[in-house]
Amino acid sequence: MILIRKILFPFAAIYGLITGLRNWFYDIGIFKSAAFDVPVIAVGNLSVGGTGKSPQIEYLLRLLIPNYKVATLSRGYKRKSRGFVLADENSDAQILGDEPFQFHRKFPEVAVAVDADRVNGITKLLELAKPDVILLDDAFQHRKVKAGFYILLTTFHELYIDDFLLPTGNLRESRRGAKRADIIVVTKCPKDLSQQQQNAIRMKMRLESHQQLFFSFIDYDDFVFSDTDKINIDIIRNKKKVLIAGIAKPKPFFEHLKSKDDVILEFSDHHHFSESEISEIVKKANGNPIVTTEKDYVRLKGRKLENLFYLPIKSAFVSGSYDFDGAISQYVSGRQFS
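Here my numbering is used: the first residue of the sequence shown is 31, the next is one more, and so on.
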């Protein structure tokens, strides 16, 4: 695979030229971006998948909900609906996509919408939901919208600064795109990441003067949950079970829960489970618990799987959470009264 990626280097150069020209046209105004009066925060990455966007969106929701009417707008990847959809009591993962439906389940007071056309999506949200602030999920490259605030995510083990353009690497655009970010969050760090390690990454990043850098980790819940029950994490670790993940980079999830007798089933990101796959999962479980990620749970719920549980996660900061919260609150309150 590494050899093939190196062979494809000329295509990466062409891809870089195309995306670079596109960004330049936006920068100089040949391509137009739509701006909105409402505060708009875009969360995204330079690489493909697995940087922890959903936990970061949920962190922002918890921060903002007490003081503002909040909306989220996502593309709704792999949903079976089209156009603009605003979540309601009839929505499910097939209509919204798994991540937006997860937001809708956990935060019913939030207006959750999906639309591949972000300009149209924001326009519709302002008309129908009238939010005080909008969070754009996975929209760092969506330059048809001019967000007021950009949060760029990059993982501790795969920093964008060490990566390369597709198809040789995993970057959707050049590392220069990071200059658009107001905040950069290094995600999936060790909980005990030292100040020395943080400083080394900070030096490597060569931040712009206006940018702030933060370090976060995935904080796992102490329980796994079903719709009607919960089990302590220490108990479930010692039980024979089936672990299922259809997410990008599921290794930490498996490592956190697995024991030697477990059956581990890994699927592609946003995987839609077929009836034959469901039957195979039931057969392998043989009455034992089935534990999956929260994102997969919204797609597996109601699929005739008994003893189905999910493990909630949260994004938490190694340090500096007060400064992060303050930067977000300052932007939103400033835009509210500007």
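Every residue, glycine too, gets a C-beta built ideally from N, C-alpha and C.
As the structure is a prediction and not an experimental result, all values here were calculated from the model.
In this structure, the CA atom of residue 101 is about 8 Å from the CA atom of residue 143. Leaving aside the five residues that flank residue 149 on each side, the residues in its chain whose CB is nearer than 7 Å to its CB run, in chain order, 64, 174 and 175. Secondary structure note for residue 328: its alpha helix (DSSP H) is the uninterrupted segment 324-330.
Under the 10 Å beta carbon count, residue 214 is surrounded by 16 or more other beta carbons and is classified as buried.
Residue 328 places its beta carbon less than 7 Å from that of residue 131.
With contacts defined by Cβ atoms closer than 7 Å, residue 326 and residue 276 form a contacting pair. Following the DSSP letters along the chain, one finds residue 49 inside the alpha helix (DSSP H) bounded by residues 39-58. In the structure shown, the three-state DSSP call for residue 63 is coil.
Residue environment: residue 167 is assigned as buried (16 or more neighbouring CB atoms within 10 Å of its CB, all protein chains considered).
Counting along the chain, the unbroken beta strand (DSSP E) around residue 340 starts and ends at 338-341. In the three-state reduction of the DSSP assignment, residue 188 falls in the strand class.
Residue 322 sits away from residue 266, with the two beta carbons spaced by 7 Å or more. Setting aside the 5 residues that flank it on each side, residue 223 is surrounded in the same chain by 245 and 348, each with a C-beta closer than 7 Å to its C-beta; the list follows chain order. Apart from the 5 residues on each side of it in sequence, residue 314 sits with its Cβ closer than 7 Å to the Cβ of 272 and 293 in its chain, given in chain order. Put simply, the backbone Cα of residue 139 is about 16 Å away from that of residue 129.
The C-beta distance from residue 208 to residue 76 rounds to 6 Å, short enough to meet the 8 Å contact threshold. The beta carbons of residue 103 and residue 151 sit closer together than 7 Å.
According to DSSP, residue pairing for residue 214 in a beta bridge involves 182 and 243. About 15 Å separates the beta carbon of residue 195 from that of residue 189, a gap too long to meet the 8 Å contact definition. In terms of Cβ geometry, residue 260 and residue 291 do not form a close pair [threshold 7 Å].
Restricting attention to 249, 90 and 108, the CA atom closest to the CA of residue 303 is found in 108.
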